[in-house]
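Since the structure comes first, as structure tokens, the remarks are kept for the end.
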Amino acid sequence: MENFVHSIPTELYFGKGQISKLGDALNRFGKRVLLTYGGGSIKKMGLYDEVMKILSEGGFTVVECDGIEPNPRIESVIKGVKLCKENNIDVVLSVGGGSTLDCSKAIACGVYFEGDDLWKMVKSEWKLKKALPLVDILTLSATGSEFDGAGVISNMATDEKIGAMFTYPAVSICDPTYTFSVSKYQTAAGSADIMSHIMEGYFSRTDDCDISDGIAETVLKTVIKNLPLALREPDNYTARGNLMMASSVACSGIPEYGKQGTGWPCHGLEHELSAFYDITHGVGLAILTPRWMRHILKKDASTTGRFVRFAKNVWGLSGGSEEVLALKGIYALESFFKESGIASNLTELNITEEYFGKMADHLEAEADLKNAYVPLTKEDIIEIYKACL
Ligand code: NZQ
Ligand code: ZN
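According to the numbering used here, the sequence shown is numbered sequentially starting from 1.
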């Protein structure tokens, strides 16, 4: 069991009607608000009007920064920082999914960045001295960005997608009813992301963290139980609520406390796919993860015990040799993603092997895959990508 520090400064208000805390949350920081959002889903679902009413009644001055893309771009960060500086903003309010929130984190930090190239801030993991306070209303259960300090920003000009530590939200409002309108596709992709956040830490060399592994298995089983329900009944509060809680816990670091770091290999592999092909994060993860699992199981037989535990404790499987049981668990995961409607290979997304070499070079330079659960070489990376075609 490794040492760890627990520090999550975010106040998280969970449940129906928690938007009633919004005015008070913002008032702690000032009256001038940068409202950030994406391509318009918050308008369609009526949340934009609800937020604007609260802001208007509370006497806030609102500047809008809209159009933040899924896989948010550095250009949106630049736009938001400019708006903050020009309008003397006190607090950023993000309303949307992980992309809007990640971009808002980068904006909040970018206001104080001592330099003119904000892409350098993203790439250098600039050690932050200061950031604007950030409040968010979450509308999609997936990234856990509502409960962590990380953000992921893309630069399509250089085919790069970089994750960095920016700033924690001061307040996150997580009302599952705001996720009723999320499409089946995004619900499934978000759930795959939640599961991946758990599996990235679960497959580690540390075997004696009963609390962390127990939480991890519970989160996985929660998604396995509630995703099909949410897909069948989009307005099912219990299903949406459990997925939302799973999202926040999964990326909080808690399920990895005491465990040796793994470098999150599937996230590294996926970020390259998104950088080159702008695909949905969770879809890439769902395609990659079972292939990565089979690859490392074959490469290093000492991983068999962990895969057997995964098969038994997460999927309730039993019987057969250890090797067979390990593979059955991976198959169960793959089938689960398929049944939830996610594309099952990269060919379906029109991706060919053209850039696999380049992606592997990027990945070797950017990610910590030498310290992964099973270290990955460039050849391993290319082989995993090819298995996804
Ligand atoms: O842009 P709008 O119109 O809002 O539509 C969005 C978008 O098209 C839509 N949507 C969101 N809430 C909705 C809704 N549609 C209907 N009803 C609602 N309630 O869903 C689409 C996807 O939204 P997005 O924010 O991109 O999804 P997600 O939350 O999955 O975020 C993905 C991004 O987060 C990064 C990913 O790499 C990706 O860039 N990640 C962030 C992490 C973090 N901060 O810790 C960790 C993750 O591993 C991940 O890398
Ligand atoms: Zn993720």
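Virtual Cβ for every residue (Gly too), placed ideally from N, Cα, C.
Top-ranked residue by Cα proximity to residue i, from the options
i	options	result
Val182	Arg291, Pro234, Glu69	Pro234
Asn88	Pro255, Gly144, Pro70, Lys31	Lys31
Arg306	Val92, Cys388, Ser204	Ser204
Trp292	Val62, Ile211, Glu200	Glu200
Ile223	Ala188, Asp207, Thr206, Arg232	A small fix is needed here, since residue 223 is Val in this sequence, not Ile. Cα-wise, what sits closest to Val223 is Ala188.
Thr304	Leu288, Leu327, Ile287	Leu327
Cys266	Pro133, Leu376, Phe276, Pro169	Leu376
Lys161	Ala387, Leu369, Met359	Met359
Arg28	Asn3, Phe4, Gly58, Glu2	Gly58
Asn236	Lys16, Phe180, Tyr168, Ser7	Phe180
Asp90	Val324, Leu132, Lys386	Leu132
Asp175	His197, Thr238, Thr206, Ala150	Thr238
Ile198	Glu256, Phe113, Asn242, Leu269	Glu256
Lys21	Tyr168, Leu34, Val51	Val51
Gly151	Lys386, Thr347, Leu220, Gly110	Gly110
Asp24	Val77, Asp49, Leu55, Ser7	Leu55
Lys85	Leu34, Lys221, Lys44, Glu366	Leu34
Pro228	Lys184, Leu269, Val219	Lys184
Gly263	Ser124, Asn3, Asn371	Asn371
Leu220	Tyr202, Met165, Arg232, Thr206	Tyr202
His6	Arg232, Gly258, Ile19	Gly258
Arg309	Thr10, His362, Ile330	Ile330
Ser274	Asn226, Phe14, Leu363, Met45	Leu363
Ala301	Leu269, Asp380, Glu322	Glu322
Ile351	Leu83, Asn226, Asp207, Cys388	Cys388
Lys299	Asp380, Tyr13, Glu11	Asp380
Ser212	Leu47, Val249, Phe113, Phe14	Val249
Asp159	Lys378, Thr347, Asp361	Asp361
Glu339	Ala192, Arg240, Gly261	Ala192
Gly163	Val314, Val62, Asn242, Ser124	Ser124
Asp210	Tyr13, Asn313, Lys386, Ser196	Asn313
Gly15	Leu243, Leu369, Thr289	Leu243
Ser196	Leu333, Gly320, Arg240, Gly115	Leu333
Val62	Glu353, Leu26, Gly46	Leu26
Phe356	Ile382, Thr347, Glu2, Thr10	Ile382
Asn390	Tyr373, Gln260, Ile42	The chain is shown only over 1 to 389; residue 390 falls outside these bounds and no answer can be derived.
DSSP beta-bridge partners of residue i
i	result
Gly96	Leu138
Ala164	Gly151
Glu61	Here residue 61 turns out to be Thr, not Glu, going by the sequence shown. Bridge partners of Thr61: Arg32.
Asn91	For clarity, residue 91 is Val in the given sequence; the question names Asn instead. Answer is Val33, bridged to Val91.
Tyr13	Ile173
His73	Here the sequence assigns Arg to residue 73, which means His is not the residue at that position. Looking at the DSSP assignment, Arg73 forms a beta bridge with Ser154.
Cβ-Cβ separation, residue j to residue i (assumed contact under 8 Å), whole Å
i	j	result
Ile384	Ala343	Contact doesn't hold; Cβ gap of about 17 Å is too wide.
Gly190	Ser141	5 Å
Ser104	Leu138	Ser104 to Leu138, Cβ: 12 Å. No contact.
Ala246	Ile194	5 Å
Leu134	Ala170	6 Å
Ala108	Val92	5 Å
Asp149	Thr177	The residue you asked about is not Asp; residue 149 is Gly in the sequence shown. Wrong, their Cβ atoms sit about 26 Å apart, outside the cutoff.
Glu270	Leu285	5 Å
Ala367	Gly268	4 Å
Leu325	Ala311	5 Å
Chain C within 9 Å of residue i, Cβ atoms only
i	result
Lys120	Here there is only one protein chain, and chain C is not present.
Counting pairs of beta carbons, one from the region 95-110 and one from the region 19-38, are three or more of them closer than 8 Å? Yes: at least three Cβ pairs fall under 8 Å.
How do the region 155-162 and the region 68-81 stand: do at least 3 beta-carbon pairs fall below 8 Å, yes or no? The region 155-162 is in contact with the region 68-81.
Are the region 133-145 and the region 115-122 in contact at 8 Å, needing three or more beta carbon pairs? Verdict: no, contact absent.
Between the region 267-282 and the region 60-71, are three or more C-beta pairs nearer than 8 Å? Pairwise C-beta distances place the region 267-282 in contact with the region 60-71, as three or more of them are shorter than 8 Å.
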